[in-house]
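Chains as they are written, first to last, in my numbering: chain A, 1 to 231; chain B, 232 to 328.
All residues carry an ideal CB built from backbone N, CA and C; glycine is no exception.
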Amino acid sequence: MTARATKAPRGAQRSGRYEPYSYFQLMEVSLRELLVEKGVVSEDAIAGAMAAMRARGPERGAAMVARAWLDPTYKSRMLANGSAAAEELGFEVPGLRLIVMENTPSTHNVIVCTLCSCYPRMLLGLPPEWYKSRPYRSRVVREPRKVLAEFGLKVPSKVAIRVHDSNADMRYMVLPMRPAGTDGWNEPQLAGLVTRDCLIGVAVPRLPASRGSPKPAKALKSPKFRNPRKS
Amino acid sequence: MTTSTGPLFRIGDRVRVRKAAPLGHVRTPYYIRGHAGVVERICGAFPNPEELAQQRDGLPAQPLYRVRFRQREVWPGYRGSPNDVIELEIFQHWIET
Chain A
1 MTARATKAPR
11 GAQRSGRYEP
21 YSYFQLMEVS
31 LRELLVEKGV
41 VSEDAIAGAM
51 AAMRARGPER
61 GAAMVARAWL
71 DPTYKSRMLA
81 NGSAAAEELG
91 FEVPGLRLIV
101 MENTPSTHNV
111 IVCTLCSCYP
121 RMLLGLPPEW
131 YKSRPYRSRV
141 VREPRKVLAE
151 FGLKVPSKVA
161 IRVHDSNADM
171 RYMVLPMRPA
181 GTDGWNEPQL
191 AGLVTRDCLI
201 GVAVPRLPAS
211 RGSPKPAKAL
221 KSPKFRNPRK
231 S
Chain B
232 MTTSTGPLFR
242 IGDRVRVRKA
252 APLGHVRTPY
262 YIRGHAGVVE
272 RICGAFPNPE
282 ELAQQRDGLP
292 AQPLYRVRFR
302 QREVWPGYRG
312 SPNDVIELEI
322 FQHWIET
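The structure is reproduced here in C-alpha cells:
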C-alpha cells in the first residue's frame, strides 16, 4: 500500500484548508493503488472515466423532455419505460431502471434519495452537492413545500406534491410541463429551457423573459438560453 | 424471509411496511417503517440488498413495489395539501402479511 495520508485528496481542500484523509477516502485510495499496481486498471483509464463522468451534464435528460413535449407518442413510451425511451434517442443506459414522473397542472414531482445519493447519472451527469446533503435529503421528504420555496419554487396548495424517494433499484427523472409561449420552438430550443433542477423537480422551466417583467411576444422568437449546467 | 418470488400484492392494494430494525444494510428507510400505503406499481423483482451486502447472491429475487403514502399519515403535523404524497420502493419481505 502506497497511500499517504499527507497527500491531499480530491475535494478535500474545498474550504481551502488541509484536511487529512477520512477512513473511506484512505480505503478508496489504497484500493485504487492496489488495482493499478496489479495491472487490473491503469491510472489513465481511471482518469478518463472520471473526466467523462465530470463532463456529462443534464443534456441527455433535457433532450428526452424536449422530444416528449413535441411527440406525444414518445411521451407515452417514456412514461411507460424511461430506460427504453433514453435508448431510443441513442443514450446508452446499461443497468439503469428509469422511471419518468410527469408534472401536470394538479401534480408536482420532486426526487430525492434519502439513503444516499441515487441519481440517473448517465442522463443527468453528477448530482449537485446539495442533492447529496443531509439537509436536502432529510427535509424534502417531510417539508417539501418549504424546501421548494427555498429553491424559489412556490407550489400552489391546490397542486399536490409527490415526493419520490429513490431508496432502492429505480432511478427517477421529472418530466416538467412545457412552458407557455414556446409554440413553434424546435427541439434544441426547448431542451435549452430544461435545467438539471427541472429534471430533479426543484425548479420548473421558465422563459428567460418571464424572470422579470413580461416581454412582448416577439422577443420569444429568438430566445436566449440559460446554460443548463450553470444552475 | 419469504420464499416466494412471485408478487403477493397488486396495484391498488393497501399494504403496511414492517416495523423492524434489523442490523446491516437495509434499503427501507426508518421513517416509513410501520406506515401503510397503496401499491402504485410493481417494479419487478430484484436481489435482496440485505443479502447482497453480506456477499450472498440475494436470491430468490424479491418483488419490489412502489408504494404511495399520504404525507399527513407519515409525518405528524405535516403542513401542506392533504393530497401530498411520498412514494418509496418497498421490497416484498418488508411488507406485513
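Length of the line joining the Cα atoms of residue i and residue j
{"i": "A/ARG226", "j": "A/GLY192", "result": "Model confidence at A/ARG226 stands at a pLDDT of 39, short of 50, so the residue's coordinates are unreliable and nothing is read from them."}
{"i": "B/GLY289", "j": "B/PHE240", "result": "21 Å"}
{"i": "A/THR2", "j": "A/SER30", "result": "Its pLDDT being 44, under 50, A/THR2 is placed unreliably in this model, and the value from its coordinates should be taken loosely. Approximately 7 Å between the Cα atoms of the pair."}
{"i": "A/SER22", "j": "A/GLU28", "result": "10 Å"}
{"i": "B/VAL269", "j": "A/GLU87", "result": "31 Å"}
{"i": "A/ALA68", "j": "A/MET78", "result": "8 Å"}
{"i": "B/ALA252", "j": "B/ARG287", "result": "20 Å"}
{"i": "A/LYS215", "j": "A/PRO205", "result": "Only weak support is given to the placement of A/LYS215: the predicted model assigns it a pLDDT of 44, under 50, and the question is left unresolved by the model."}
{"i": "A/ALA203", "j": "B/ARG247", "result": "32 Å"}
{"i": "B/TYR309", "j": "A/GLY201", "result": "20 Å"}
{"i": "A/ALA217", "j": "A/TRP185", "result": "Caution is warranted here: a pLDDT of 41 is assigned to A/ALA217, below 50, making its placement in the model unreliable, and no coordinate value can be reported."}
{"i": "A/PRO144", "j": "B/ALA284", "result": "31 Å"}
{"i": "A/ALA149", "j": "A/VAL155", "result": "8 Å"}
{"i": "A/ARG56", "j": "A/ARG121", "result": "8 Å"}
{"i": "B/GLU318", "j": "A/TYR119", "result": "16 Å"}
{"i": "A/GLY82", "j": "A/ILE99", "result": "5 Å"}
{"i": "A/PHE151", "j": "A/ARG162", "result": "17 Å"}
{"i": "B/ILE242", "j": "B/CYS274", "result": "11 Å"}
{"i": "A/MET177", "j": "A/VAL194", "result": "10 Å"}
{"i": "A/GLY16", "j": "A/GLY95", "result": "38 Å"}
{"i": "B/VAL305", "j": "A/HIS164", "result": "14 Å"}
Continuous alpha helix (DSSP H) stretch holding residue i: start and end
{"i": "A/THR280", "result": "Summary: the structure shown does not reach residue 280 of chain A, with chain A confined to residues 1 through 231, and so no result is reported for it."}
{"i": "B/GLN302", "result": "302-305"}
{"i": "A/TYR172", "result": "Element bounds for A/TYR172: not the alpha helix (DSSP H) but the beta strand (DSSP E), 171-175."}
{"i": "A/VAL147", "result": "144-150"}
{"i": "A/VAL29", "result": "23-37"}
{"i": "A/GLU187", "result": "187-191"}
{"i": "A/LEU123", "result": "121-124"}
{"i": "A/SER138", "result": "134-139"}
Counterpart residues of residue i in DSSP-defined beta bridges
{"i": "A/HIS164", "result": "A/ILE111 and B/GLU318"}
{"i": "B/ARG272", "result": "B/ARG297"}
{"i": "A/ALA68", "result": "For A/ALA68, which the question treats as bridged, DSSP gives no partner whatsoever."}
{"i": "B/ILE326", "result": "B/VAL248"}
{"i": "A/ALA47", "result": "A/ALA47 is not bridged to any residue."}
{"i": "B/PHE277", "result": "B/GLN293"}
{"i": "B/ALA267", "result": "B/ARG247"}
Extent of the continuous beta strand (DSSP E) run through residue i
{"i": "A/CYS198", "result": "Segment 196-200 is the alpha helix (DSSP H) holding A/CYS198; no beta strand (DSSP E) there."}
{"i": "A/ALA86", "result": "That residue, A/ALA86, is in no beta strand (DSSP E); its alpha helix (DSSP H) goes 82-88."}
{"i": "A/ILE99", "result": "98-102"}
Residues near residue i in its chain [Cβ-Cβ closer than 8 Å; skip 5 each side]
{"i": "A/LYS146", "result": "ARG139"}
{"i": "B/THR236", "result": "ALA276, PRO291, ALA292, GLN293 and PRO294"}
Test item: CB-CB of residue i and residue j under 7 Å
{"i": "A/PRO20", "j": "A/LEU199", "result": "no"}
{"i": "A/VAL141", "j": "A/THR107", "result": "no"}
{"i": "B/VAL316", "j": "B/ARG299", "result": "yes"}
{"i": "A/MET170", "j": "B/GLU281", "result": "no"}
{"i": "A/LEU153", "j": "A/PRO179", "result": "no"}
{"i": "B/SER312", "j": "A/SER157", "result": "yes"}
{"i": "A/ARG137", "j": "A/VAL112", "result": "yes"}
{"i": "A/ASN167", "j": "B/PRO260", "result": "yes"}
CB contact below 7 Å: residue i versus chain C
{"i": "A/SER157", "result": "Absent from the structure is chain C; the protein chains it does hold are A and B."}
Close Cβ partners of residue i (< 7 Å) along its chain, the five nearest in sequence each way excluded
{"i": "B/MET232", "result": "Reliability fails at B/MET232, whose pLDDT of 48 lies under 50, so the model's placement of it is uncertain and the value that follows must be treated cautiously. The answer, listed in chain order, is HIS324."}
{"i": "A/GLU102", "result": "LEU79 and LEU175"}
{"i": "B/GLY265", "result": "VAL248 and LYS250"}
Same chain only: Cβ atoms within 6 Å of residue i, ignoring 5 sequence neighbours per side
{"i": "B/ASP244", "result": "VAL270"}
{"i": "A/SER74", "result": "In the sequence as displayed, the identity of residue 74 of chain A is Tyr instead of Ser. Excluding positions up to five away in sequence, the list reads ARG67 and ALA68."}
{"i": "A/GLY61", "result": "LEU123, LEU124, MET173 and LEU199"}
{"i": "A/LYS132", "result": "SER117"}
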